[in-house]
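Okay, structure first, notes after.
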Amino acid sequence: MELNERVATIKAQLGPDLVILGHHYQRDEVIQFADFRGDSLQLAQDAQRTDARYIVFCGVHFMAETAAILAKPHQTVLLPDLEAGCFLADRADLPLVRQAWRDLGRIMDVEREVLPVTYINSAAELKAFCGQHGGIVCTSANAGRVLAWALQQRPLVLFFPDQHLGYNTARQIGVADEEMLVWDHRRFLGGYNPERVRRTRLILWPGWCYVHTRFRPEHVRAWRERERDIRILVHPECTPDVVALADEVGSTSYIVRRVKESPPGTKWAIGTEANLVLRLAREHPEQSIFCLGDEPHYCRTMNQITLEKLARVLEGLARGELVNPVSVPPEIAEPARLAVERMLQMG
Ligand code: 13P
Ligand code: SF4
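Numbered by our numbering, the letters in the sequence shown go through residues 124 to 470 in order.
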């Protein structure tokens, strides 16, 4: 039997016991089978809502881990390729964040004065760290609201791991450049003197996404020269110089929504992962949609999820076997859930 047919047959057999979640960056061959497709926030909400026994997550590891953190006791989350990680999530780890917390603890009362905020693109341990210290998770879709809330809770916010999302969001909500700093985790107190840290409202972890930082200001300028009425739409993981030149900035769901609601003839150069941009171009032939860079940029690990690997997981389920389950130990899942639920309660 052909792969497409095998997957469709097992999906039908498992019925309501199975839900397949697919991130917008997934390949077409995979996303066609998703019961729900969305950005990382929507998929976390879908994971929280579903009652299906098996949640097959077509995305990267931190997304499946978030679903596992939210899963009810009768549910299992499976990821078609356990090696599908996230380069950005790997820029921060618990020992380095704990070290930063200890450094800050030398000059202030961290439990009262510093609030940790982690982007959802991070390991479960970091979400747990946030949960344990009154902190919260955010995604690119709600970063503004979460960051504004965090800044009201305590005078200083420690934001990890994406410096660009942190900076771009902070600028949107009115935080000034001199109120932020980028932490250097190789040096004591991030390389700053205590006075500078005390004057700061937002500490940015020095992480970045290799897909989104490939878009450069010269790409924006080149598109504007080529197509006078083009609109530049970018993801907030892009660097601030690119965001400053763009017409609009938003999460993957924002990007999808903006294209859907635009009239025929609209021209877009979109700065995000190529699977999504090229799909939007195919789905909206009435508009002109291009990848912002000089070539399409794919996320290598998102692309590691193939139809064949999805079929392998589903065939396992049909045999009563769990292929590639993702679980989080309760001592990490519980505090991590606190931080994720704090975000989801914000709506
Ligand atoms: P979204 O939150 O927009 O889905 O982005 C996730 C991601 O990994 C972007 O690179
Ligand atoms: Fe991670 Fe970047 Fe891939 Fe998104 S595009 S999953 S941030 S490496």
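Even glycine gets a Cβ: it sits at the ideal position worked out from N, Cα and C. Remember, it's a predicted structure, so these values are computed and weren't measured experimentally.
- When C-beta atoms of the stretch 380-393 are compared with those of the stretch 310-323, fewer than three pairs fall below 8 Å, so the two segments do not count as touching.
- Closest by C-alpha distance to Cys181, out of His197, Glu431, His287, Leu467, is Glu431.
- Within 7 Å of the C-beta of Ala247 there is not a single heavy atom belonging to the ligand 13P.
- The alpha-carbon separation between Arg229 and Gly254 amounts to approximately 22 Å.
- The bridge partners DSSP lists for Cys261 are Tyr242.
- In this structure, the straight-line span from the alpha carbon of Tyr421 to that of Thr292 is close to 24 Å.
- Following the DSSP letters along the chain, one finds Gly228 inside the alpha helix (DSSP H) bounded by residues 217-228.
- Rounded to the nearest angstrom, the Cβ distance from Leu201 to Val446 is 7 Å, consistent with a contact under 8 Å.
- Going by beta carbons, Glu396 and Val334 fall inside the 8 Å limit.
- When secondary structure is reduced to three states using DSSP, Asp364 falls in the helix class.
- One thing to note: Leu368 has its Cβ no nearer than 8 Å to the Cβ of Trp391.
- Ranked by Cα distance from Ser374, the first of Ala266, Phe282, Arg324 is Ala266.
- Annotated as proximal: His146 and Met425, with beta-carbon spacing under 8 Å.
- The Cβ atoms of His287 and Pro363 sit closer than 8 Å to each other.
- Shown here, His146 sits in a strand according to DSSP, grouped into three states.
- Put simply, the residues with a CB less than 5 Å from any heavy atom of the ligand 13P are Asp162, Ser163, Thr262, Ser263, Ser374, Thr375, in chain order.
- Annotation for Arg268: Met469 place their beta carbon closer than 7 Å to its own, counting only its chain and skipping 5 residues before and after.
- Boundaries cannot be given for Phe156, as no alpha helix (DSSP H) includes it and DSSP labels it neither H nor E.
- Annotation for Arg354: no alpha helix (DSSP H) segment contains it, though the beta strand (DSSP E) segment containing it runs 354-357.
- In this structure, Leu249 lies near Leu217, with their beta-carbon atoms less than 8 Å apart.
- Judged by beta-carbon spacing, Glu371 lies beyond the 8 Å limit of Arg347, meaning their Cβ atoms are not closer than that value.
- Looking at the backbone, the Cα of Ile412 and that of Ala404 are separated by about 5 Å.
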